[in-house]
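The opening position of the sequence shown corresponds to residue 1 in UniProt numbering, with each subsequent residue numbered one higher. Yeah, the Cβ is synthetic: ideal placement off N, Cα and C, and Gly gets one too. No experiment lies behind these values; they were computed from the predicted model shown. See below for the structure under consideration.
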Amino acid sequence: MAEVADDLPGIVAVREGKDLRGPVLTFTPGRWKSFIGGIKDGESADPTARPPRSV
């Protein structure tokens, strides 16, 4: 489970909750909002993913 710190001024920090010494991803609040919005809209977090083909 990821931990999100969105109470820091000008930054949103994300890390894996099971590995507290591991890397931290940082986003600007605007980029974080866009990222979460994309997930909610069904966009893939995988930039190599392709939409399903219509048959």
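Query raised in the report: Can you tell me whether Val12 is buried or exposed, with buried defined as 16 or more other CB within 10 angstroms of its CB?
Result: Counting Cβ neighbours within 10 Å, Val12 comes out buried, since at least 16 surround it.
Query - Phe27 versus Lys33: straight-line alpha-carbon distance, rounded - result: In this model, Phe27 and Lys33 are separated by some 9 Å (Cα to Cα).
Report task. Out of Met1, Pro23 and Val14, state which residue places its alpha-carbon closest to the alpha-carbon of Phe35. Result -> Comparing C-alpha distances from Phe35 to each of Met1, Pro23 and Val14 shows the shortest one belongs to Val14.
Query raised in the report: Taking only runs of the beta strand (DSSP E) that begin and end inside the UniProt domain "DUF397" (3 to 40), which ones reach a length of at least 3 residues, in chain order?
Result: For the UniProt domain "DUF397" (3 to 40), whole beta strand (DSSP E) runs of length 3 or above, ordered along the chain, are 11 to 16 and 25 to 27.
Report task. Would you tell me roughly how many angstroms separate the C-alpha atoms of Asp7 and Gly37, rounded to the nearest one? Result -> Rounded to whole angstroms, Asp7 and Gly37 show a C-alpha spacing of 19 Å.
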